[in-house]
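Chains as they are written, first to last, in the working numbering: chain V, 3 to 404; chain C, 5 to 173.
What follows is a single structure, written as structure tokens, with notes after it.
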């Protein structure tokens with residue numbers, strides 16, 4: 003029963019953090035996009051628009067859930083459920099940190115560790131297409147149908163290079179369990195270069211990492227592969243006919259998929275929770291310095307040189323600066339260190355990848371549909387196979403591990 | 005615990021199987037088939053065959069059924085209209101079904117004791133063992149199957165090419 007209780011607590015924590023991240027990822031995306039386009043982004047609700055996600059949730063919840071006539075009601079309602087279910091479920095396979103001791107209880111940071119974890123994540127992501135496809139079909143609208151069809155064609159096509167790109171690091175790391183995969187990436191070459199998959203000998207997996215990332219953009223229907231919801235061609239695509247909470251479900255599914263895919267890339271290619279350089283060279287002080295730096299910038303702009311025309315910054319910025327400083331101090335507490343450090347490195351890597359997702363959305367235009375298909379079948383797929391062959395040869399030449 | 009899960013998912017599998025036949029709309033049938041395959045994957049999981057369960061989901065629910073649904077949507081197939089059944093099928097349907105079920109039950113009962121029953125978690129082998137036996141013991145069937153699949157792919161391409169050539173000329 004102890005195991006059951008611990009699992010319940012862990013699930014609660016992960017679900018809570020995951021949902022909050024989901025909501026704020028959207029705020030971060032709007033802010034980053036706004037700054038890329040020389041705007042300020044959400045600013046009115048709360049300081050710097052920090053309460054904007056909350057306002058959005060309230061708005062979506064209080065809107066009328068409108069059901070158009072002539073839809074296939076059962077599938078119309080089922081589709082957003084499926085989308086959000088398959089998007090949220092795969093987070094339970096991601097290991098966030100090593101096994102740690104909290105209040106005398108030894109437990110793994112992460113919900114489940116099954117010995118075919120990678121395959122399971124793939125299976126869930128391949129089933130995830132049903133939500134979008136069904137939603138597009140059940141809406142009884144030709145634009146929605148086109149969006150649903152495009153999304154299923156795109157996801158089937160990009161799953162192949164994605165799966166093949168995943169196989170190469172598994173050949174090198176010699177296991178399918180996500181936790182073992184991360185453990186295999188521990189240690190450093192020459193004491194400095196981390197043994198992550200993208201650096202690991204005999205064949206560094208840089209190419210499969212890039213292929214995985216490109217396919218991940220297509221799998222999550224993000225720019226430049228957001229053909230299923232291309233608004234200049236398809237109105238809103240598969241979610242045109244959805245409103246209120248049903249629409250929110252599709253929205254949540256997209257962001258949840260983004261988070262899961264970046265977590266998976268972190269685990270498979272970027273060494274999970276292992277720091278960028280060894281602890282002996284002071285990698286433990288990175289979060290402290292980062293937080294203190296942020297705190298200093300905020301205090302400077304709040305107290306000494308406030309931005310013109312924003313009088314409330316005199317109050318909010320020093321407050322935020324103090325919060326940052328407090329977080330920096332938390333990272334120095336020796337009892338919390340073994341728990342917080344792995345989580346910091348994991349979140350930092352996943353966060354950088356998420357930022358790249360948003361950055362590319364602000365930078366690249368959308369592909370045309372035939373370009374999209376040509377790109378995956380005639381370029382990405384062969385490159386992935388060649389990469390797999392080279393990796394296999396390298397691993398075979400190196401001989402069996404252990 | 006295992007038994008409860010088995011009963012739940014076996015029931016779902018059977019219910020989805022019946023729904024597959026009864027559903028009037030092709031999309032409904034396709035989704036019921038996905039339900040059958042998903043619950044079969046859970047049954048594999050109960051037996052301890054995690055690899056097979058994952059592959060079942062990836063290949064059947066993730067690839068084959070997506071294609072089915074895709075084609076049904078593309079053709080925009082409407083609801084089936086039930087025509088009057090012919091008199092032999094009306095007359096022989098239920099008796100034939102009973103005979104088949106009886107035969108199946110008889111055979112299972114005869115073979116049951118000699119073959120023994122499967123216990124939960126009986127096939128607790130990882131992907132490595134499966135790969136090893138696939139490429140040592142069963143190499144020939146494996147390769148023959150791959151050639152078969154290749155032939156099917158080539159056939160599909162030839163058939164599609166014929167249509168395209170006809171359109172172009």
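Positions of the beta carbon are idealized from the N, C-alpha and C atoms, including for glycine.
Determine the closest residue to residue 277 (chain V) out of V:369, V:294, V:169, V:197, with distance taken between C-alpha atoms.
V:197
What are the uninterrupted segments assigned as alpha helix (DSSP H) that are 4 or more residues long and contained completely in the segment 65-112 of chain C, given in chain order?
Qualifying alpha helix (DSSP H) stretches, in chain order: 69-79.
Give the DSSP bridge partners of residue 191 (chain V), in chain order.
V:195
Roughly how many angstroms lie between the CA atoms of residue 41 (chain C) and residue 67 (chain C), to the nearest whole one?
12 Å
Can at least three beta-carbon pairs, one atom from the segment 246-255 of chain V and one from the segment 162-179 of chain V, be found at a separation below 8 Å?
The segment 162-179 of chain V and the segment 246-255 of chain V do not touch, with fewer than three beta-carbon pairs separated by less than 8 Å.
Cβ of residue 64 (chain C) within 8 Å of Cβ of residue 56 (chain C)?
no
Based on Cα-Cα distance, which residue from V:296, V:380, V:176 lies nearest to residue 204 (chain V)?
V:176
Would residue 97 (chain V) be called buried (16 or more neighbouring beta carbons within 10 Å of its own) or exposed?
buried
Flag residue 164 (chain C) as yes if its beta-carbon sits less than 8 Å from any beta-carbon of chain V, otherwise no.
no
Contact set for residue 383 (chain V): own chain, Cβ-Cβ below 7 Å, skip 5 residues either direction
162, 163
Between residue 128 (chain C) and residue 103 (chain V), what straight-line distance do the alpha-carbon atoms span, to the nearest angstrom?
Taking the straight line from one Cα to the other gives about 30 Å.
Can you pull the chain V residues whose beta carbon is under 7 Å from the beta carbon of residue 70 (chain C), in chain order?
131, 154, 158
Would residue 150 (chain V) be called buried (16 or more neighbouring beta carbons within 10 Å of its own) or exposed?
With 16 or more other Cβ atoms within 10 Å, it is buried.
Between the CA atoms of residue 62 (chain C) and residue 125 (chain V) - distance to the nearest angstrom:
5 Å
Would you verify that the beta carbon of residue 59 (chain C) is, or is not, closer than 8 Å to some beta carbon of chain V?
Yes, because at least one Cβ of chain V sits closer than 8 Å to the Cβ of residue 59 (chain C).
Cross-chain neighbours of residue 147 (chain C) in chain V, by beta carbon under 8 Å:
Going along chain V, no residue has its Cβ under 8 Å from residue 147 (chain C), so there is no contact; the nearest lies around 17 Å.
In its own chain, which residues sit with a C-beta less than 6 Å from the C-beta of residue 89 (chain V), not counting the 5 before and 5 after it?
255, 258, 259
Going by the beta-carbon positions, is the gap between residue 369 (chain V) and residue 249 (chain V) smaller than 8 Å?
No.
Report the partner residues of residue 102 (chain V) according to the DSSP bridge assignment.
V:109
Indicate whether residue 348 (chain V) and residue 268 (chain V) have their beta-carbon atoms separated by less than 8 Å.
yes
Alpha helix (DSSP H) segment containing residue 351 (chain V), residue limits:
339-365
For a contact defined as C-beta to C-beta under 7 Å, what are the partners of residue 116 (chain V) on chain C?
54
If you run the structure through DSSP and keep just helix, strand and coil, what is residue 145 (chain C)?
helix
Per-residue contacts from residue 74 (chain C) into chain V (C-beta, under 8 Å)
135, 151, 154, 155, 158
Okay, do the segment 276-291 of chain V and the segment 185-194 of chain V touch, 3+ Cβ pairs below 8 Å being the bar?
yes
Quick one, are the C-beta atoms of residue 95 (chain V) and residue 119 (chain V) less than 8 Å apart?
yes
Less than 8 Å between the C-beta atoms of residue 180 (chain V) and residue 110 (chain V), yes or no?
No.
Assess, as a yes-or-no matter, whether the segment 65-75 of chain V is touched by the segment 142-158 of chain V under the definition of 3 or more beta carbon pairs within less than 8 Å.
yes
Out of V:64, V:12, V:55, V:61, which has the shortest C-alpha to C-alpha gap to residue 24 (chain V)?
V:55
If we cut at 8 Å on Cβ distances, does residue 128 (chain V) have a partner in chain C?
yes
Residue 115 (chain C) at chain V interface by Cβ criterion, 8 Å:
no
Check whether the segment 236-249 of chain V touches the segment 362-382 of chain V, counting contact only when three or more Cβ pairs, one atom from each stretch, lie closer than 8 Å.
no
Which residues, taken in chain order from the segment 58-85 of chain V, show a beta carbon closer than 9 Å to some beta carbon of chain C?
74, 76, 77, 80
Tell me which same chain residues have a C-beta within less than 6 Å of the C-beta of residue 131 (chain V), skipping the five on either side of it?
Answer for residue 131 (chain V): 154, 157, listed in chain order.
8 Å is my cut-off, CB to CB: does residue 139 (chain V) come that close to chain C?
Interface annotation, residue 139 (chain V): in contact with chain C, CB-CB separation under 8 Å.
Nearest CA to the CA of residue 77 (chain V): which residue from V:193, V:41, V:244, V:216?
Each of V:193, V:41, V:244, V:216 was checked against the Cα of residue 77 (chain V), and the nearest Cα belongs to V:244.
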